[in-house]
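Student: Residue numbers (my numbering), protein chains in the order written: chain S, 46 to 169; chain U, 64 to 294.
1) What does the Cβ neighbour count give for residue 144(U), buried or exposed, with the cut at 16 atoms within 10 Å?
2) Between the region 251-271 of chain U and chain S, which residues of the former have a C-beta closer than 7 Å to a C-beta of the latter?
3) Of all Cβ atoms in chain S, is any one closer than 8 Å to the Cβ of residue 165(U)?
4) In angstroms with no decimal places, state the Cα-to-Cα distance between residue 224(U) and residue 103(U).
5) Helix, strand or coil for residue 139(U)? Go by DSSP, reduced to three states.
6) Residues of chain U with CB closer than 7 Å to the CB of residue 105(S), please, in chain order.
7) Find the residues of chain U that neighbour residue 49(S), judging by a C-beta separation of less than 8 Å, and give them in chain order.
8) So the candidates are 206(U), 178(U), 276(U) and 250(U); which of them puts its Cα closest to the Cα of residue 218(U)?
9) Residue 16(S) to residue 88(S), Cα distance in whole Å?
10) Helix, strand or coil, according to DSSP, for residue 88(U) in the structure here?
11) Counting only the same chain and skipping the five closest in sequence on each side, list residues whose C-beta sits under 7 Å from that of residue 62(S).
12) Give the interface partners of residue 54(S) over in chain U, defined as CB-CB distance under 9 Å, in chain order.
13) Whose C-alpha, out of 108(U), 65(U) and 174(U), is nearest the C-alpha of residue 75(U)?
14) Just to make sure I have the definition right: I need the residues of chain U whose C-beta is within less than 7 Å of the C-beta of residue 95(S). Which are they?
15) Taking residue 68(U) as part of the beta strand (DSSP E), name the residues at either end of that continuous run.
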């Protein structure tokens with residue numbers, strides 16, 4: 046996993062976000078065991094307590110669960126995974142819409158734009 | 064209990080006040096950034112904790128005790144300057160550290176040196192400056208201390224060496240110990256910090272959890288620092 050942190054909000058929030066995306070996209074599969082906190086923190090180059098805080102947040106949201114003696118696992122509940130996937134998708138769409146709006150495009154022009162990009166892709 | 068506690072700590076050198084009425088507590092298990100421009104009192108504070116300087120007034124306690132023989136067992140110190148005998152090799156140094164410190168973990172030091180792919184038989188004076196700094200940090204981090212005091216551990220090293228050093232710090236400190244890293248290179252260290260303490264002209268200008276600070280300001284610790292210390 047590649048880690049890049051931006052200068053905006055807190056680091057733990059950025060870790061939560063990144064892991065959510067990995068779980069939603071299946072990069073981290075349902076039931077997959079996560080490495081130890083220390084190992085994850087070292088690979089991301091962050092403080093272990095910060096990583097721990099991010100994992101606690103994911104636990105609270107039901108995306109990972111801990112088994113006392115054996116470690117942490119990605120949830121097997123596909124319903125939760127799917128709802129995160131949808132939440133992330135909705136956010137991407139909102140961001141897309143607001144940047145289009147900022148460029149002065151109207152909602153009804155967007156479908157045309159998407160088709161245009163599709164044609165470009167096919168020609169490549 | 065706080066591993067390091069300063070109350071009303073003041074230290075002057077002649078007419079120059081290096082630290083003024085510093086109140087500070089460092090809890091166990093934290094990595095703390097002691098951040099400030101040059102001359103803000105960072106090294107003075109570290110030397111006071113080490114017992115290399117005596118307080119003018121106020122108090123500094125390490126593990127509840129005044130700095131002295133007992134607290135030296137608790138502290139592993141990386142000075143700003145190169146302090147190891149340069150006619151020794153890394154292997155000699157491990158013996159040297161093991162003789163001096165009961166808590167020196169030779170296996171851990173050997174493991175770290177192995178990862179560095181460094182010739183442990185070579186005298187320090189024949190190593191590059193970067194390698195010498197890494198060897199010194201390895202000796203310091205291989206102690207099982209309660210408080211690590213690292214004075215400018217990443218000053219003057221390249222980005223790859225900096226990553227190695229930060230990784231060595233996070234992978235080697237144990238969760239009951241605390242690490243204080245003094246530096247003015249904030250962007251480079253902020254990801255590894257639990258807490259930040261800004262020192263300005265010998266006073267604590269700000270003390271906060273690093274992530275809380277980022278959350279409150281919506282920007283990096285480095286950017287907040289630039290605002291606080293704007294010239």
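For every residue, glycine included, the Cβ atom is placed at its ideal position computed from N, Cα and C.
Tutor: Reading off the structure:
1) exposed
2) 254, 255, 256 and 257
3) no
4) 26 Å
5) strand
6) Here the premise fails: no neighbours, minimum Cβ distance about 16 Å.
7) Within 8 Å Cβ-Cβ: nothing; residue 49(S) doesn't reach chain U, min ~11 Å.
8) 250(U)
9) The shown model of chain S, from 46 to 169, leaves out residue 16(S), and the question about it has no answer.
10) strand
11) none
12) 274, 277, 278, 281 and 282
13) 108(U)
14) 274
15) 67-76
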